[in-house]
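A quick write-up on the structure given underneath.
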Amino acid sequence: MKSSKILVIVTHPDIHKSVISKRWLQELQENSDLVTIHQLHVRYPDGKIDVAAEQKLLLEHDTIILQFPLYWFSTPPLLKQWQDEVLTHGFAYGRGTEKLAGKRIGAAVSAGIKEVDYRQSGRYHYTLEELLRPLRVTIEYISAEYLPVFACYGIESGISEEELDTNAAHYLQYIRDLTPASCDIAD
Ligand SMILES: Cc1cc2nc3c(=O)[nH]c(=O)nc-3n(C[C@H](O)[C@H](O)[C@H](O)COP(=O)(O)O)c2cc1C
């Protein structure tokens with residue numbers, strides 16, 4: 088059955104040691120009326136993904152957020168594996184079989200490096216948006232809509248409890264703004 092909730096697929100290899108992903112998760116868990124939370128590492132500690140179950144979950148939701156920490160300017164390996172194994176020909180792509188077409192898919196990303204270093208004039212020259220292009224093109228390839236990214240930068244420089252709370256509130260607002268209930272019904 089179709090759910091009106093947003094599916095948040097959380098990928099973090101050690102959520103207990105996490106600072107930001109854990110806080111975001113807590114915020115989501117406190118608002119479980121809005122979201123279906125799906126933690127890949129919790130569900131698949133052995134790394135063996137149940138492809139049929141993942142595809143079913145995707146079909147049951149219209150809006151999907153991939154929540155992950157940036158690892159080597161990309162997704163963590165289990166999320167890459169998930170893309171490889173779940174977004175299959177005949178399901179996600181292939182003539183007449185694009186079952187995720189029209190869905191809205193986005194990313195909520197935490198980065199250790201500061202935002203200033205991700206500017207074109209900064210130390211690494213490429214913005215997060217630019218670095219996430221492979222994900223964006225993947226989403227567009229399967230005819231889904233790529234949503235604006237939610238990001239939190241500079242975790243390695245330390246984040247205060249207050250900043251963490253503010254960021255988590257912004258994340259919740261981002262999720263709320265994506266909920267179909269916030270759309271204009273005249274659309
Ligand atoms: C293997 C590995 C690779 C990482 N690569 C990057 C990177 O490319 N860019 C970056 O900004 N941070 C990088 N980081 C830092 C993480 O993104 C950061 O620790 C994480 O987002 C913090 O979130 P958490 O508190 O939920 O773990 C890396 C961390 C690890 C463990």
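The sequence shown begins at 88 in my numbering and counts up one residue at a time.
Beta carbons are placed, not taken as given, at the ideal position from N, Cα and C, and that holds for glycine.
Remember, predicted model here, so these are calculated numbers, not experimental data.
Between the options, which lies nearest to residue i when the distance is taken from Cα to Cα?
{"i": "Y180", "options": "R263, K89, V224, K201", "result": "V224"}
{"i": "L144", "options": "L121, V95, Y213, E117", "result": "V95"}
{"i": "P235", "options": "H212, Q154, F178", "result": "Q154"}
{"i": "K201", "options": "L222, G245, Q260", "result": "G245"}
{"i": "Q260", "options": "L115, I102, M88, P100", "result": "L115"}
{"i": "L222", "options": "D171, C239, H148", "result": "D171"}
Out of curiosity, what's the CA-to-CA distance linking residue i and residue j?
{"i": "S90", "j": "K135", "result": "26 Å"}
{"i": "Y233", "j": "S247", "result": "31 Å"}
{"i": "E217", "j": "L251", "result": "25 Å"}
{"i": "Y158", "j": "T184", "result": "32 Å"}
{"i": "G199", "j": "K186", "result": "35 Å"}
{"i": "L146", "j": "K104", "result": "31 Å"}
{"i": "A255", "j": "L174", "result": "30 Å"}
What is the residue span of the alpha helix (DSSP H) that residue i lies within?
{"i": "Q170", "result": "164–173"}
{"i": "P225", "result": "Per the sequence shown, residue 225 should be read as Thr rather than Pro. Segment 220–228, the alpha helix (DSSP H) holding T225."}
{"i": "A255", "result": "248–265"}
{"i": "A139", "result": "138–146"}
Let's see if you can read the secondary structure: which residues bound the beta strand (DSSP E) around residue i?
{"i": "H125", "result": "122–126"}
{"i": "V97", "result": "93–97"}
{"i": "I192", "result": "191–197"}
Should residue i and residue j be called a contact, given that it needs their Cβ atoms to be closer than 8 Å?
{"i": "I229", "j": "A195", "result": "no"}
{"i": "S108", "j": "S197", "result": "yes"}
{"i": "V106", "j": "I242", "result": "yes"}
{"i": "V129", "j": "L112", "result": "no"}
{"i": "K92", "j": "L121", "result": "yes"}
Distance cutoff 8 Å, beta carbons only. Does residue i sit that close to anything in chain C?
{"i": "R210", "result": "Considering every chain present, this structure includes no chain C. It has just one protein chain."}
Contact the stretch 123–138 vs the stretch 163–170: 3+ CB pairs below 8 Å: Of all C-beta pairs linking the stretch 123–138 to the stretch 163–170, three or more are shorter than 8 Å, placing the two stretches in contact.
Does the count of Cβ pairs from the stretch 258–267 and the stretch 182–196 closer than 8 Å reach three? Counting Cβ pairs under 8 Å, three or more are found: they touch.
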